[in-house]
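*Asks:* Chains as they are written, first to last, in numbering that gives the first Met the number 0: chain A, 0 to 147; chain B, 0 to 129. We treat Cβ as the ideally placed atom computed from N, Cα and C, and that holds for glycine. Note that the coordinates shown come from a computational prediction; the quantities given were computed from them, not determined experimentally.
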Amino acid sequence: MKEKESLIEIDPKDYDIVVKIKDEKDIVVARQMVKDFAKRLNFSLGDVTKLSTAVSELARNIYRYAGEGFIFVREINDKGSAILEIVAYDNGPGIKDLNLAMQSGYSTTKGSFGLGLSGVKRLMDEFYINSKVDKGTVVIVKKRRRNY
Amino acid sequence: MRVVPTIKLFDCLIVPIQIELNDSTVEKIQNQILNEIEKLGINTLIIDVSTIDVIDSYISYMLLETANMVKMMGCDTFICGIQPQVALTLAQMGIDLKGINFAQDLEGAFKLIKRMRGNSYEGKGIFDRD
């Protein structure tokens, strides 16, 4: 990951959770770990569900399209309020047309609504995606904890 | 292969899903449902998802696909027990599950079936106390 021209510089030590996605079952593992982590950070039940659903989508994209990759999760403290950040990173084939990939209803796979990425964007407060063909894809999403 | 235990009640097949759903499990459940509908002469499928706390786009796609498949086998699908935060998440993602009937719980599903079928429903005996 430290090689030049990589999409993002990530030090796993900065993160609370690192999950390697290389098997279908890892999607469930990532989902559950984020669920527990968000619960522990006192996110509302609705937001816990949104976060675990989002990570489920991102992990599945890694598994389906790149075969292998990582999910990094950490808590960021922003003036006393917690933000949960999820990074999905892979060195897979990359996405040719990001605008198209972000469109609701677009998918290159059969057996899909094509609502994975666009759905994740709608569930989260912040969404960043970058991809280079043959280099890989990185998605960073953030969700701020709301205090009711 | 049986992945989840199911209950046959008259011509209804009740499928309570109480396991963690990974992608291949979802596929196996779909297969199991199709097989049992054929074998047991089912015309109403009720899937209880009240213990499922994450339904993502793939799981919901498979639920809709299953409903479409069983429709072709002459069978209506009812999904009951979707948790409020799951409903919130699905709606926000823009996932639309047309063609599936929803109820709050198993009881609600049977009430809905009864209302839709009227007195012609074969298994009406179980509703008599209503």
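1. Give a yes or no on whether the minimum CB-CB distance between K49(A) and chain B is below 9 Å.
2. How big is the Cα-Cα spacing for L57(A) and G117(B)?
3. Any idea what DSSP makes of T43(B), helix, strand or coil?
4. Considering K24(A), what are the terminal residues of the alpha helix (DSSP H) in which it resides?
5. Evaluate M115(B) with the Cβ neighbour count: other Cβ atoms within 10 Å of its Cβ, from every protein chain shown; 16 or more gives buried, anything less gives exposed.
6. Could you run through the stretch 11 to 27 of chain B and flag, in chain order, every residue whose CB is less than 7 Å away from some CB of chain A?
7. Please identify, using Cβ separations under 8 Å, the residues of the stretch 85 to 96 of chain B that lie next to chain A, in order along the chain.
8. Count the other C-beta atoms from every protein chain shown that fall within 10 angstroms of the C-beta of S142(B), then say buried if there are 16 or more, exposed otherwise.
9. Are the C-beta of R145(A) and some C-beta of chain B separated by less than 9 Å?
10. Does the beta carbon of E64(B) come closer than 9 Å to any beta carbon on chain A?
11. Looking at the C-beta of M71(B), does it have a partner C-beta in chain A at a distance below 9 Å?
12. Which residues in the same chain as L63(B) place their Cβ atom closer than 6 Å to its Cβ, once the five residues preceding and following it in sequence are excluded?
13. Helix or strand or just coil, what does DSSP make of L122(A)?
14. Got a sec: which bits of the stretch 21 to 35 of chain A sit with their beta carbon under 8 Å from any beta carbon on chain B, in order along the chain?
*Replies:* The structure says:
1. Working through the first sequence from its first residue, we reach residue 49(A) at position 50. Chain B, which has a Cβ nearer than 9 Å to the Cβ of K49(A), makes this yes.
2. As a position in the first sequence, residue 57(A) is number 58, starting the count at 1. As a position in the second sequence, residue 117(B) is number 118, starting the count at 1. L57(A) and G117(B): Cα-Cα distance of roughly 45 Å.
3. By one-based count along the second sequence, residue 43(B) stands at place 44. Three-state result, T43(B): strand.
4. One-based indexing of the first sequence puts residue 24(A) at position 25. Residues 23 to 39.
5. Taking the second sequence and counting its residues from 1, the one referred to as residue 115(B) is at position 116. When all chains shown are included, M115(B) counts as exposed.
6. E19, N21, D22, S23
7. V85, L87, T88, Q91, M92, G93, I94
8. Nothing in the structure corresponds to residue 142(B), since chain B is present only between 0 and 129.
9. If you number the first sequence from 1, residue 145(A) lands on position 146. Closer than 9 Å: no.
10. Residue mapping note: residue 64(B) aligns to position 65 of the second sequence, counting from 1. In terms of beta-carbon proximity, E64(B) lines the interface with chain A, with at least one pair separated by less than 9 Å.
11. Here residue 71(B) refers to the residue found at position 72 of the second sequence. No, its Cβ sits nowhere closer than 9 Å to a Cβ of chain A.
12. Position 64 of the second sequence, counting from 1, holds the residue named residue 63(B). The residues are L96.
13. Sequence index remark: in the first sequence, residue 122(A) carries index 123 (1-based). Three-state DSSP puts L122(A) in a helix.
14. Hits within the stretch, in order: E23, K24, I26, V27, R30, Q31, K34.
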